[in-house]
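Written below as structure tokens is the structure these notes are about.
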Amino acid sequence: EVLVTKNPCLYSGDLRRLEAVDIPTLRPFIHDCIVFPVVESRPHSNEIAGSDLDGDQYWVYWGKELKVNKIISPLAYTPMSKTRIPKITSELIVTHILDILDDQKFCIISNTHAVIVDKHSNGTMSTECKFLAELFPRAIDSIKTGEQIDMKIVNKLRETWYDTYPIWMMKDDKLSYESQSINGYLFNKAQNLRIKGLILNMKS
């Protein structure tokens with residue numbers, strides 16, 4: 003058994019437990035990649051944040067240290083149909099490229115999710131975080147689909163939750179708090195190791 007997901011993993015159900023198989027005839031041709039089955043009722047890739055296999059990179063874990071007792075059902079990621087434009091002009095292409103360069107919606111969605119998941123008692127299982135987890139891949143794919151992401155609900159969530167930030171987000175210019183989440187624990191451990199390393203370097 004292996005654990006498979008892709009980053010950023012915004013929803014618990016984006017982590018899938020799959021059975022890895024060894025097909026010797028494929029060894030000479032396949033390196034550092036994952037091959038998903040095509041006979042399932044729903045593609046495993048789609049279960050992982052609605053992935054469409056368009057350059058996606060996956061995290062695969064086959065070790066023994068990390069234990070996941072319960073696998074959560076994935077969200078119903080519905081792919082958006084591409085916007086049809088009767089005639090593509092040079093002006094439209096330039097405008098689209100400029101919009102892409104200036105588009106920070108997926109960053110805002112991800113940061114909003116990070117704040118809420120750290121504060122909310124239900125974490126990633128909260129209604130707010132589920133909404134953001136479903137919206138995030140649509141924002142990423144909007145470059146290809148042409149979908150205009152409505153940020154009204156996201157902005158309302160920011161107004162509600164953005165009074166303080168967990169310290170692990172490293173918003174030095176904002177009011178922060180000590181996080182009690184796993185992210186906060188790992189951040190503090192990493193900071194302590196960094197400080198110990200600096201002290202050892204000073205002594206040597």
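Per our numbering: the sequence shown = residues 3 to 206.
Ideal placement from N, C-alpha and C gives every residue a C-beta, glycine not left out.
It should be emphasised that the depicted structure is a prediction, and the values quoted were computed from it without experimental measurement.
- Within a 10 Å sphere around the beta-carbon of W64 sit fewer than 16 other beta-carbons, which makes this residue exposed.
- Rounded to whole angstroms, K8 and R196 show a C-alpha spacing of 27 Å.
- Boundaries for R140: no beta strand (DSSP E) harbours it, while the alpha helix (DSSP H) harbouring it runs 129-147, taken from the DSSP string.
- Looking only at K191, L17, E93, R160, the smallest Cα-Cα distance to I169 is reached by K191.
- P88 counts as exposed, since fewer than 16 other beta carbons sit within 10 angstroms of its beta carbon.
- Closest in alpha carbon position to G15, among G125, E180, L55, is G125.
- Assigned with DSSP and collapsed to three states, S14 falls in helix.
- Straight across, the Cα-Cα distance linking D152 with L103 is about 18 Å.
- Under the DSSP definition of a beta bridge, L5 partners with R19, Y63.
- P168 carries a strand assignment under DSSP once its states are collapsed to helix, strand and coil.
- In this structure, K121 lies near W163, with their beta-carbon atoms less than 8 Å apart.
- Here A141 is buried, its C-beta having at least 16 other C-beta atoms within 10 Å.
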